[in-house]
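Under my numbering, the first residue of the sequence shown carries the number 1, and numbering increases by one thereafter. Just so it is clear, CB atoms sit at the ideal spot from N, CA and C, and this is done for glycine as well. The model shown is predicted, which means the values in this text are computed figures rather than measured ones. The structure under discussion appears below in the form of structure tokens.
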Amino acid sequence: MPSLLSVTTETLPKSQVGMTIEVPAETVDATYEKVLSRLASKAKLEGFRPGRAPRALVEARLGPAALREEVVETIVPEVIREALAEKSISPIDNPDVEVLELERGRPARLKATVTVMPEVTLGDATALDVATPSVEVTDEMIERRLEDVREPMAEITPVDREARMGDIVVIDVEVEADGVGVPSESRQAMEAELKEGVLLPELIEAIKGAKVGETRSATVKFPDDYSEPLLAGKEGTIKATIQGIKEKVLPALDDVLAKQLSDGKHETVEAYRSSVREQLEESAKSLAQMAREQALVKALVDASVVEVPDALVERELASHLDTLDRSLHRQGLRLDRYLEYLGKTPEQWIAEERPEAESRLKVDLVLDEFAKSQDIEPSDDEVTSFIEEQAAKDDEFKGRVDELK
């Protein structure tokens, strides 16, 4: 049966489609009658049994405005559903609908804005030129790995000399900003290794060469989002008084230790060192290949054209926020308290996360279109294997999978 609607469409920015829909007067009148029949069957008016009051009386009691509202709520979903089907439009969000005209005995006019999946214009994948990063494993890298595996076995020995990189220092710490001390950042007899990533670079430079009893100072510019409000975005001074210096002495790497470290696989230091080199080379090759793949994806995305609709971005942000909320809940924390700790409102957090969400969606859309263009589709076994691998690595993901079973 042909549609009685008159539907015109126009392409709008941000992957939206505008629809102007004209509904025949007969359909409008039929909807009025249907709504009145439904209301009359439920009406309870004085002097009449429930559902037995005359429709004219029910309509008069309801009033034209309220009746029209009931008709709008009935006719709009039906009309929009039929119009979308007629034009083969698949929305990804609830349409935004405006009723322009609707009254008895006359055609109705509706205006709807529908968000659809965006069109992706792929860049020429055959023209992408991305070099594989060079792979080189140096003797220095091997020695560093051999030190790392022996570090848990190191003996910690107090020494009477200046502090050196790799030492463990015992320090009293005082922090101040604008001439005012910050007690929350003070520490007594704190042990820390003079190593990148453990202490601030400025503090490491200040402590190197110091002896027990000396106090060294470092000036530090704290980031705007620093956890302590008294220091956030400010320049502060950290004073460290050296209370002790300890040296880590690694065990000598001999054949016995090499066999122990390799779980009996290698009898000599030379064999163990060779295996470490092979491991580092394999790891370096994997990292280089991963870097090349990431560079190829970025190049393809940069060469492609796609306008990410706001509806998809909002959905991605809501999902990200929900994931964060679940993760915090598992740790016994609350989202509102976490945002308060960061000094951000939910709106600020969303605004900051929006560019990254748009970037992720653009990558997903481009890769999905590329897969379609190459007829790439994983088998059921591959999908199952991927889900199992992700669930083994991510408790949050595993929880969601379990909920769907």
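_Candidates 168, 145 and 162, of which the one nearest residue 155 by Cα_ = 168
*Where does residue 8 land, buried or exposed, given buried means 16+ other C-beta within 10 angstroms?*
exposed
*asked:* If you follow the beta strand (DSSP E) that residue 188 is in, where does it begin and where does it stop?
replied: 187 to 193
*Skipping 5 residues on each side, what residues in its chain have a beta carbon closer than 6 Å to that of residue 335?*
325 and 328
*Residue closest to residue 148, alpha-carbon to alpha-carbon, out of 175, 253, 354 and 293*: 253
*asked:* Could you tell me the alpha carbon to alpha carbon distance between residue 103 and residue 109, rounded to whole angstroms?
replied: 10 Å
*asked:* Given this structure, state the Cα-to-Cα distance separating residue 11 from residue 5, to the nearest angstrom.
replied: 19 Å
*Specify the secondary structure class of residue 109 as computed by DSSP and reduced to three states.*
strand
*Using the rule of at least 16 other Cβ atoms within 10 Å of the residue's Cβ for burial, across every protein chain shown, is residue 31 buried or exposed?*
buried
*When burial is assigned at 16 or more other CB atoms within 10 Å of the CB, is residue 249 buried or exposed?*
exposed
_Beta-ladder partner(s) of residue 19, from DSSP_ = 9 and 112
*With DSSP collapsed to three states, give me the class of residue 139.*
helix
*Using the Cα positions of residue 385 and residue 379, report the straight-line distance between them to the nearest angstrom.*
10 Å
*Beta-carbon spacing of residue 195, residue 216 below 9 Å*: no
*What are the boundary residues of the alpha helix (DSSP H) that residue 336 is part of?*
335 to 342
*Just the Cα atoms here: how many angstroms apart are residue 116 and residue 16?*
6 Å
_Neighbourhood of residue 247 by C-beta, 7 Å cutoff - its chain only, sequence neighbours within 5 removed_ = 157, 159 and 167
*Do the CB positions of residue 192 and residue 172 come within less than 9 Å of each other?*
no
*Note down, in chain order, each residue of its chain lying with its Cβ closer than 6 Å to the Cβ of residue 40, except the 5 sequence neighbours on either side.*
55 and 58
*Should residue 19 go down as buried or exposed, given a rule of 16 or more other Cβ atoms within 10 Å for buried?*
buried
_Quick check on the DSSP output: the alpha helix (DSSP H) that includes residue 56 runs from which residue to which?_
55 to 62
_In the DSSP output, what is residue 239 paired with across the bridge?_
174 and 217
*So does the segment 291 to 299 actually touch the segment 62 to 73, counting three or more Cβ pairs closer than 8 Å?*
no
_So residue 312 and residue 350 are supposed to be a Cβ contact under 8 Å. How far apart are they, rounded?_
At roughly 14 Å, the Cβ-Cβ gap does not stay under 8 Å, so residue 312 and residue 350 are not in contact.
*Going by the CB atoms, is the gap between residue 145 and residue 257 shorter than 9 Å?*
no
*Within the 9 Å Cβ cut-off, does residue 64 reach chain B?*
Among the chains in the structure shown there is no chain B, since it carries only a single protein chain.
*Can you say whether residue 204 is buried or exposed, counting buried as having 16 or more other CB atoms within 10 angstroms of its CB?*
buried
_Expected contact under 8 Å - CB spacing of residue 295 and residue 137 to nearest Å_ = Wrong, their Cβ atoms sit about 21 Å apart, outside the cutoff.
*asked:* Closest to residue 13 by C-alpha separation, out of 113, 285 and 98, would be which residue?
replied: 113
*Who are the Cβ neighbours of residue 2 in its own chain at under 6 Å, not counting the five residues just before and after it?*
Confidence at residue 2 is low in this model, with a pLDDT of 43, below 50, so the placement of that residue should be treated as unreliable; the coordinate-derived value is given next. Result list for residue 2: empty, nothing under 6 Å.
*Output the boundary residues of the alpha helix (DSSP H) element that contains residue 156.*
Taken as a continuous stretch (DSSP letters only), residue 156 belongs to no alpha helix (DSSP H), being part of the beta strand (DSSP E) at 155 to 158.
*For residue 165, the nearest candidate out of 245, 89 and 338 (CA to CA)*: 245
_Buried versus exposed, by CB contacts within 10 Å (16 or more), residue 333_ = exposed
_Runs of 4 residues minimum, wholly inside the segment 251 to 283: which ones carry the alpha helix (DSSP H) assignment?_
255 to 261
*asked:* Measuring straight from C-alpha to C-alpha, what distance separates residue 344 and residue 126?
replied: 45 Å
*Helix or strand or just coil, what does DSSP make of residue 14?*
coil
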